[in-house]
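Structure record follows, encoded as structure tokens.
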Amino acid sequence: MNKEAAGGSSRIPGFHNWSVEQRIDRVASFAGLGPAERAQLAAPSNIDAQLAEHMVENFVTTIAIPVGIATNLRVDGRDVLVPMATEESSVIAAVGNSARQCHDTGGFTTSTSGTEMIAQVQLLDIPDPRRARLLILERQDEIAEICNACDPVLVRLGGGFRSLEVRLVDTPVGTMVITHIIVDTRDAMGANSVNTMAERLAPDLARWTGGTALLRILSNLADRRLVRARATWTCAAIGGEKVRDAMVAAYHFADNDPYRAATHNKGIMNGVSAVVLATGNDTRAVESGAHAFAAHTGRYRSLSTWEVTADGDLAGTIELPLAVGLVGGAVKIHPTARALLAIMQVATAEQLARIIAAVGLAQNFGAMKALATEGIQKGHMSLHAQNIAFAAGAAGDEVAIVSRRIIEQQTINEEAAGRVLAELRKR
Ligand code: NAD
Numbered sequence: 000m001n002k003e004a005a006g007g008s009s010r011i012p013g014f015h016n017w018s019v020e021q022r023i024d025r026v027a028s029f030a031g032l033g034p035a036e037r038a039q040l041a042a043p044s045n046i047d048a049q050l051a052e053h054m055v056e057n058f059v060t061t062i063a064i065p066v067g068i069a070t071n072l073r074v075d076g077r078d079v080l081v082p083m084a085t086e087e088s089s090v091i092a093a094v095g096n097s098a099r100q101c102h103d104t105g106g107f108t109t110s111t112s113g114t115e116m117i118a119q120v121q122l123l124d125i126p127d128p129r130r131a132r133l134l135i136l137e138r139q140d141e142i143a144e145i146c147n148a149c150d151p152v153l154v155r156l157g158g159g160f161r162s163l164e165v166r167l168v169d170t171p172v173g174t175m176v177i178t179h180i181i182v183d184t185r186d187a188m189g190a191n192s193v194n195t196m197a198e199r200l201a202p203d204l205a206r207w208t209g210g211t212a213l214l215r216i217l218s219n220l221a222d223r224r225l226v227r228a229r230a231t232w233t234c235a236a237i238g239g240e241k242v243r244d245a246m247v248a249a250y251h252f253a254d255n256d257p258y259r260a261a262t263h264n265k266g267i268m269n270g271v272s273a274v275v276l277a278t279g280n281d282t283r284a285v286e287s288g289a290h291a292f293a294a295h296t297g298r299y300r301s302l303s304t305w306e307v308t309a310d311g312d313l314a315g316t317i318e319l320p321l322a323v324g325l326v327g328g329a330v331k332i333h334p335t336a337r338a339l340l341a342i343m344q345v346a347t348a349e350q351l352a353r354i355i356a357a358v359g360l361a362q363n364f365g366a367m368k369a370l371a372t373e374g375i376q377k378g379h380m381s382l383h384a385q386n387i388a389f390a391a392g393a394a395g396d397e398v399a400i401v402s403r404r405i406i407e408q409q410t411i412n413e414e415a416a417g418r419v420l421a422e423l424r425k426r
């Protein structure tokens with residue numbers, strides 16, 4: 000990366016009107032990308048079949064998902080351009096619009112609880128589980144040595160075993176002794192690292208306690224890897240008190256009704272998962288962690304909070320587990336993921352997670368504002384109508400004409416698009 004060329008403002012007015020080539024040029028100069036990374040971006044779906052065959056079993060082909068750039072984000076005082084991989088229209092525009100509305104008041108401020116992951120070892124058939132719990136806790140130093148010996152690279156990088164928890168879980172088939180090994184996995188998502196440790200340790204735990212070791216796997220409820228973001232939107236920027244208060248009411252609806260919370264949090268994950276996917280990280284791991292965390296009080300609730308500040312502005316916060324890495328899994332080997340990661344100019348997994356949390360909050364702001372005012376359909380309509388026009392067979396200039404006409408007619412469906420297309424072609 001050419002560090003000298005890197006940097007600049009993420010505020011790029013009219014970015015959506017530029018050609019794809021112009022956009023790539025701007026992103027490449029913003030992030031100081033080299034020619035190889037630039038070429039990678041300019042070749043959609045560019046992944047070698049041999050590499051893909053090594054990534055999954057029974058490989059036959061790849062499926063291309065569009066990647067767009069969210070503009071206007073300022074995270075912890077630094078402007079960033081954020082790549083988002085998503086098949087859903089309006090998601091990227093919503094992040095850019097929401098971030099624009101708080102860019103001048105400082106953007107997003109973030110923090111994290113660290114990069115610790117939890118691996119669980121399940122022990123069964125223990126008649127004296129309380130005693131077994133203490134037997135395990137007494138061996139913390141020995142356990143640390145066994146775990147750290149599994150991953151000297153991680154230890155050299157400042158990570159490795161951190162602490163131990165032993166929980167007794169009562170179930171209909173008896174009390175289980177569940178050992179949590181807590182490991183700092185630094186810039187790795189860490190599943191493989193901690194799973195290896197859990198598997199290595201399990202026979203010792205069984206021997207010490209007289210129990211039977213069964214499952215040995217990480218927990219995706221990564222609540223020692225929490226990331227938080229907050230931002231304030233001025234009352235004027237969002238269109239006045241009425242909009243502000245409607246958004247706060249929308250939040251309380253979500254926080255108190257799981258039917259609404261599921262959709263509210265899905266909107267947050269529209270942003271979160273898109274960046275996770277673009278960077279080759281594990282979307283399922285992040286999603287299960289987020290939803291499990293949303294229920295950590297015993298009730299499924301909103302991942303974000305919204306309140307009115309003393310100045311009458313709107314303050315949003317978000318807190319969720321984000322187990323993402325810069326090494327391991329597909330992150331390091333997928334060439335497009337690497338080029339997209341380079342756009343964000345992050346040096347640590349923690350920095351990546353902070354940006355992702357900010358995107359989640361921006362996405363939530365956009366969805367709530369739309370829902371509390373004009374409704375979600377208006378913003379969706381233009382790209383949605385274009386998708387319908389495509390589905391009906393329109394190509395080239397026909398797409399814009401057909402989509403415009405079905406919006407005017409207020410009949411946005413494939414049948415109507417087909418009719419308009421047929422008339423257009425008759426002429
Ligand atoms: P990994 O094992 O490929 O890479 C991690 C290793 O990289 C570390 O153990 C360390 O030895 C090394 N490393 C080099 N530089 C490092 C740095 N700066 N910081 C930390 N480690 C560094 O991958 P992983 O992150 O352990 O596992 C991630 C993969 O596991 C993902 O592909 C995920 O999909 C998959 N997975 C997930 C689950 C789950 O979420 N339930 C279960 C199994 C596997």
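In numbering that gives the first Met the number 0, the protein residues as written are 0 to 426.
C-beta atoms are modelled at their ideal positions from N, C-alpha and C, and glycine is treated no differently.
Subject >> Alpha-carbon spacing of residue 25 relative to residue 68, whole angstroms >> reply: For the purposes of this step, residue 25 is taken as residue 26 along the sequence shown, with counting starting at 1. For the purposes of this step, residue 68 is taken as residue 69 along the sequence shown, with counting starting at 1. Approximately 11 Å, taken between the alpha carbons.
Subject >> 8 Å Cβ cutoff met for residue 108 and residue 224 >> reply: Against the sequence shown, residue 108 aligns to sequence position 109. Against the sequence shown, residue 224 aligns to sequence position 225. For residue 108 and residue 224, no; Cβs fall outside 8 Å.
Original post:
Mind checking residue 186: buried by the 16 CB within 10 Å criterion, or exposed?
Top reply: Walking along the sequence shown from the start, residue 186 turns up at place 187. Residue 186 counts as buried, since no fewer than 16 other beta carbons sit within 10 angstroms of its beta carbon.
Original post:
Is residue 264 near residue 289, with beta carbons less than 8 Å apart?
Top reply: Within the sequence shown, numbered from 1, the residue matching residue 264 stands at position 265. Within the sequence shown, numbered from 1, the residue matching residue 289 stands at position 290. Yes; because the gap between Cβ atoms is below 8 Å, this pair is in contact.
Original post:
Which residues mark the beginning and the end of the alpha helix (DSSP H) in which residue 194 is found?
Top reply: On the sequence shown, residue 194 is found 195 positions in, with the first residue counted as 1. Element bounds for residue 194: 190 to 208.
Original post:
For residue 334, which three-state DSSP category applies?
Top reply: Stepping through the sequence shown from its first residue, residue 334 is reached at position 335. Note: residue 334 maps to helix in three-state DSSP.
Original post:
Using the C-alpha atoms, what's the distance from residue 318 back to residue 116?
Top reply: In the sequence shown, residue 116 corresponds to position 117, counting from 1. In the sequence shown, residue 318 corresponds to position 319, counting from 1. Rounded to whole angstroms, residue 116 to residue 318 spans 16 Å at the Cα level.
**OP:** Kindly indicate the opening and closing residues of the beta strand (DSSP E) around residue 424.
**Re:** Within the sequence shown, numbered from 1, the residue matching residue 424 stands at position 425. No beta strand (DSSP E) contains residue 424, which is instead part of the alpha helix (DSSP H) from 413 to 425.
Subject >> Distance, residue 328 Cα to residue 133 Cα >> reply: Position 134 of the sequence shown, counted from the first residue, corresponds to residue 133. Position 329 of the sequence shown, counted from the first residue, corresponds to residue 328. The straight-line gap separating the alpha-carbon atoms of residue 133 and residue 328 is approximately 36 Å.
Original post:
For residue 166, is the classification buried or exposed, using 16 other Cβ atoms within 10 angstroms of its Cβ as the cut-off for buried?
Top reply: Taking the sequence shown and counting its residues from 1, the one referred to as residue 166 is at position 167. Per the 10 Å Cβ criterion, exposed.
Subject >> the stretch 358 to 378 contacting the stretch 266 to 273, beta-carbon criterion three pairs below 8 Å >> reply: yes
Subject >> C-alpha distance - residue 195 paired with residue 278, whole-angstrom precision >> reply: For the purposes of this step, residue 195 is taken as the residue at position 196 of the sequence shown. For the purposes of this step, residue 278 is taken as the residue at position 279 of the sequence shown. About 24 Å.
Original post:
Does DSSP put residue 404 in a helix, a strand or coil?
Top reply: Numbered from its first residue, the sequence shown carries residue 404 at position 405. If DSSP states are grouped into helix, strand and coil, residue 404 belongs with the helices.
**OP:** Tell me whether residue 389 sits in a helix, a strand or coil according to DSSP, three-state version.
**Re:** On the sequence shown, position 390 is the one that residue 389 refers to. Residue 389 sits in a helix when the DSSP states are folded into three classes.
**OP:** Please determine, among 146, 188, 54, 296, the residue with the shortest C-alpha to C-alpha distance to residue 219.
**Re:** Counting from one through the sequence shown, the residue named residue 219 turns up at place 220. Of the candidates 146, 188, 54, 296, the residue whose Cα lies closest to the Cα of residue 219 is 188.
**OP:** Use the C-beta contact count for residue 172: other C-beta atoms within 10 angstroms, 16 or more gives buried, fewer gives exposed.
**Re:** Translated into positions along the sequence shown, residue 172 becomes position 173. Exposed, because fewer than 16 other Cβ atoms sit within 10 Å of the Cβ of residue 172.
**OP:** Please list, in chain order, all residues of the same chain as residue 419 whose beta carbon is under 7 Å from its beta carbon, the five residues on each side excluded.
**Re:** Walking along the sequence shown from the start, residue 419 turns up at place 420. The answer, listed in chain order, is 401, 404, 405.
Original post:
Is there at least one non-hydrogen atom of ligand 1 closer than 7 Å to the beta-carbon of residue 113?
Top reply: On the sequence shown, position 114 is the one that residue 113 refers to. No, since every heavy atom of ligand 1 falls outside the 7 Å radius drawn around the Cβ of residue 113.
Original post:
For residue 57, is the classification buried or exposed, using 16 other Cβ atoms within 10 angstroms of its Cβ as the cut-off for buried?
Top reply: Locating residue 57 in the sequence shown gives position 58, where the first residue counts as 1. So residue 57 counts as exposed.
**OP:** Express the C-alpha separation of residue 6 and residue 415 in angstroms, rounding to a whole number.
**Re:** Your numbering for residue 415 matches position 416 in the sequence shown. Your numbering for residue 6 matches position 7 in the sequence shown. Using only the alpha carbons, I get a separation of about 47 Å.
**OP:** Inspect the CB distances between the stretch 238 to 245 and the stretch 153 to 163 and report whether three or more fall short of 8 Å.
**Re:** no
Original post:
DSSP state of residue 219, grouped into three classes?
Top reply: If you number the sequence shown from 1, residue 219 lands on position 220. Coil at residue 219, not helix or strand.
Subject >> Among 352, 370, 142, nearest to residue 180 - alpha-carbon criterion >> reply: As a working mapping, residue 180 is identified with position 181 in the sequence shown. Check the Cα spacing between residue 180 and each of 352, 370, 142: the tightest is with 142.
**OP:** Entirely within the stretch 91 to 168 and at least 4 residues each: give me those alpha helix (DSSP H) ranges in chain order.
**Re:** 128 to 136, 139 to 149, 151 to 155
**OP:** Within its chain, find whatever has a CB closer than 7 Å to the CB of residue 343; leave out the 5 residues flanking it on each side and keep chain order.
**Re:** By one-based count along the sequence shown, residue 343 stands at place 344. So the list reads 79, 81, 351, 354, once near-sequence residues are dropped.
Original post:
Does DSSP put residue 73 in a helix, a strand or coil?
Top reply: As a working note, residue 73 is residue 74 in the sequence shown. DSSP places residue 73 in strand when its eight states are reduced to three.
**OP:** Using the Cα positions of residue 60 and residue 53, report the straight-line distance between them to the nearest angstrom.
**Re:** On the sequence shown, residue 60 is found 61 positions in, with the first residue counted as 1. On the sequence shown, residue 53 is found 54 positions in, with the first residue counted as 1. Cα to Cα, the separation comes out at about 12 Å.
Subject >> Inter-residue spacing [alpha-carbon to alpha-carbon] between residue 260 and residue 371 >> reply: Against the sequence shown, residue 260 aligns to sequence position 261. Against the sequence shown, residue 371 aligns to sequence position 372. Each residue's alpha carbon lies about 15 Å from the other.
Original post:
Buried or exposed: which applies to residue 62, given that a residue is buried once 16 or more other Cβ atoms fall within 10 Å of its Cβ?
Top reply: Residue mapping note: residue 62 aligns to position 63 of the sequence shown, counting from 1. Counting Cβ neighbours within 10 Å, residue 62 comes out exposed, since fewer than 16 surround it.
Subject >> Segment limits, alpha helix (DSSP H) that includes residue 28 >> reply: Mapped onto the sequence shown, residue 28 falls at position 29. Where residue 28 is concerned, the enclosing alpha helix (DSSP H) stretches over 19 to 30.
Subject >> Per-residue burial, residue 150 [other beta carbons within 10 Å of its own, 16 or more giving buried] >> reply: Taking the first residue of the sequence shown as position 1, residue 150 is located at position 151. Residue 150 is buried by the Cβ-count criterion.
Original post:
Apart from the five residues just before and just after residue 124, which ones in its own chain have a Cβ nearer than 6 Å to its Cβ?
Top reply: The sequence position of residue 124 within the sequence shown is 125, counting from 1. Excluding positions up to five away in sequence, the list reads 210, 211.
Original post:
So is the beta-carbon of residue 282 under 7 Å away from any non-hydrogen atom of ligand 1?
Top reply: Against the sequence shown, residue 282 aligns to sequence position 283. Not one heavy atom of ligand 1 is found less than 7 Å from the C-beta of residue 282.
Original post:
Near residue 111, what residues of its chain come up, given a Cβ to Cβ distance below 6 Å and the 5 sequence neighbours on each side ignored?
Top reply: By one-based count along the sequence shown, residue 111 stands at place 112. So the qualifying residues of the chain are 226, 349.
Original post:
Do residue 9 and residue 71 have their C-beta atoms closer together than 8 Å?
Top reply: One-based indexing of the sequence shown puts residue 9 at position 10. One-based indexing of the sequence shown puts residue 71 at position 72. Judged by their CB atoms, residue 9 and residue 71 are nearer to each other than the 8 Å cut-off.
Subject >> Range of the contiguous alpha helix (DSSP H) that encloses residue 38 >> reply: Here residue 38 is taken as the residue at index 39 of the sequence shown, counted from 1. Residue 38 -> alpha helix (DSSP H) spans 34 to 41.
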